[in-house]
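> The structure's right below; bear with me while I get my questions together.
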Amino acid sequence: MNLFRRSGGASLSLVPVLGLFVLTAACGGAASAEDEPAEGADDLTASTITSFTVRQSTGFSPPSPTCRPSGAWTLDLAQKKMTGTGCVDGRTVTVDRALGTAEVKDVRTALSKVRTAARPAACPTDVPVLSLDVSRGSRAYYYVQQRSACGGGTPVTTASIAALLDTVVALVPSAAAFPTPVGASTCDGVPCFAVKGSCWDTTTTGATQESFANVTFTYVPAATFGSLTWRRDQTLGTSRATQRLLAWLQNSQTVFVDGTRHGTTLSWESPPVNVFVKATQTEHALELVMDTNGGSSCRLSAELR
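And the structure:
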């Protein structure tokens with residue numbers, strides 16, 4: 256077959272045809288979604304990474320009796336420390352703990368296995384998303400689960416970032432049983448315990464007055480932290496702050512241990528006062544905090560074992 260044809264005395268070169276073959280091959284090679292991470296400043300295998308935060312959002316979901324898997328967990332590799340808050344095994348937990356040398360090695364290994372991917376042409380909405388913030392000295396890098404990486408960040412494969420999340424969540428203290436508060440006892444046949452601490456009131460002259468507070472809650476020993484029920488027969492104290500905390504509890508006898516400020520308005524005060532209470536759980540304590548827009552606050556805790 257003659258690849259050269261003459262038309263009007265001119266010869267057609269073979270170069271354009273070869274160029275088409277080269278272009279087709281290049282396009283075919285760019286479609287891979289499992290590319291290895293490029294060597295460079297944002298290389299996740301680098302030993303100079305000082306910290307990272309892996310995040311898991313819930314996306315849109317119908318109401319549920321328990322929280323849905325989610326959270327933001329920060330691993331400070333230089334200080335060997337883990338902090339964060341999230342939902343694990345149906346309970347909301349706050350973590351602030353030291354990491355062992357072997358644990359740091361494990362998370363570094365999992366981090367180094369996160370793989371970059373091709374950016375998708377379209378992304379779904381209202382779905383859970385995994386993302387990753389990485390710090391190397393003063394520089395920060397942002398990675399996003401491939402299916403949701405339309406808006407920015409370096410796309411990474413779902414399997415590799417999910418494996419990193421699993422490694423990190425495994426470091427969250429077990430939620431197999433309700434931690435036992437120190438000093439727990441029985442109230443009318445029901446297990447109960449007290450959270451104790453101080454409240455403060457700021458007077459019109461700017462002085463701060465401190466008072467003591469003691470609140471008793473009931474709980475089910477076999478259940479994980481999710482909510483606590485206030486015992487109404489307990490006296491909190493006679494200060495303005497403790498009375499405002501009492502008013503909040505009378506309005507909301509159940510306190511959800513989710514780290515969220517739950518509020519109520521004391522409309523009978525003039526002007527009305529907004530009271531907010533939140534409860535959080537760490538490895539070692541349950542903490543109850545009240546703040547208001549009227550110069551009162553409380554901080555109470557119960558040690559866990």
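Positions 256 to 560 (the numbering used here) are the ones given, in order, by the sequence shown. Here a beta-carbon is modelled for each residue, glycine too, at the ideal position from N, C-alpha and C. Fair warning: this is a prediction, and the values are worked out from it, not measured in the lab.
(1) For the beta strand (DSSP E) containing A418, list its first residue and its last residue.
(2) Among the candidates R486, V470 and T509, whose CA atom is the shortest distance from the CA of G492?
(3) Pull up the distance between the alpha-carbon of W503 and that of T537, whole angstroms please.
(4) Using a Cβ-Cβ cut-off of 6 angstroms (strictly less than) and excluding sequence neighbours within five positions of V437, which residues of its own chain qualify?
(5) Give the single residue among T484, G549 and A540 whose Cα lies nearest to the Cα of V530.
(6) Does DSSP classify L543 as helix, strand or coil?
(7) For the beta strand (DSSP E) containing N469, name the first residue and the last one.
(8) So who's on the other strand from N565, going by DSSP bridges?
(9) Taking just the CA atoms, how far does L555 sit from G314?
(10) Please determine, among R487, Q464 and P379, the residue with the shortest C-alpha to C-alpha distance to F472.
(11) What residue from V343, V411, P526 and S325 has the CA that sits closest to Q311's CA?
(12) In chain order, which continuous runs of the alpha helix (DSSP H) of length 4 or greater are located wholly inside the segment 289 to 373?
(13) Whose CA, out of T457, E465 and V445, lies closest to the CA of Y474?
(14) Please report the straight-line C-alpha distance between Q498 and T463, rounded to a whole angstrom.
(15) State yes or no: is the C-beta of C378 within less than 7 angstroms of the C-beta of S415?
(16) Quick one, are the C-beta atoms of L299 and S386 less than 7 angstroms apart?
(17) Go ahead and pull the three-state DSSP assignment for R560.
(18) Strictly by DSSP, which residues pair up with C454?
(19) Going by Cα to Cα distance, which pick from T380, V512 and K335 is closest to D361?
(20) For S440, which beta-bridge partners are listed by DSSP?
(21) Pick helix, strand or coil for A377, following the three-state DSSP scheme.
(22) Contact defined as beta carbons within less than 8 angstroms: I believe L332 pairs with V350. What is the distance between those atoms, to the nearest angstrom?
(23) Return no unless some Cβ of chain B is closer than 7 angstroms to the Cβ of T463.
(24) What are the boundary residues of the beta strand (DSSP E) that includes R394?
(25) Among L419, Q401 and D421, which has the Cα closest to the Cα of T412?
(26) Just to confirm, is the Cβ distance from T484 to T509 under 7 angstroms?
(27) In three-state terms, what does DSSP make of A496?
(28) From A395 to S306, what does the alpha carbon distance come to, in whole angstroms?
In terms of the structure at hand:
(1) Run containing A418: none in the beta strand (DSSP E); it sits in the alpha helix (DSSP H), T413 to V424.
(2) V470
(3) 23 angstroms
(4) E558 and R560
(5) Relative to the Cα of V530, the nearest Cα in the group T484, G549 and A540 belongs to G549.
(6) In this structure, L543 counts as strand in the three-state DSSP scheme.
(7) T463 to T473 is the span of the beta strand (DSSP E), which, as asked, contains N469.
(8) Residue 565 is absent from the model: the chain starts at 256 and stops at 560.
(9) 33 angstroms
(10) R487
(11) S325
(12) 356 to 367
(13) V445
(14) Whole-angstrom Cα-Cα distance: 16 angstroms.
(15) If you check the CB distance, C378 and S415 do not come in under 7 angstroms.
(16) no
(17) coil
(18) S466 and C553
(19) K335
(20) C447
(21) coil
(22) About 16 angstroms separates the two Cβ atoms, so there is no contact after all.
(23) No chain B appears in the structure shown, which is made up of a single protein chain.
(24) R394 to Q400
(25) Of L419, Q401 and D421, the residue nearest in Cα terms is Q401.
(26) yes
(27) helix
(28) 10 angstroms
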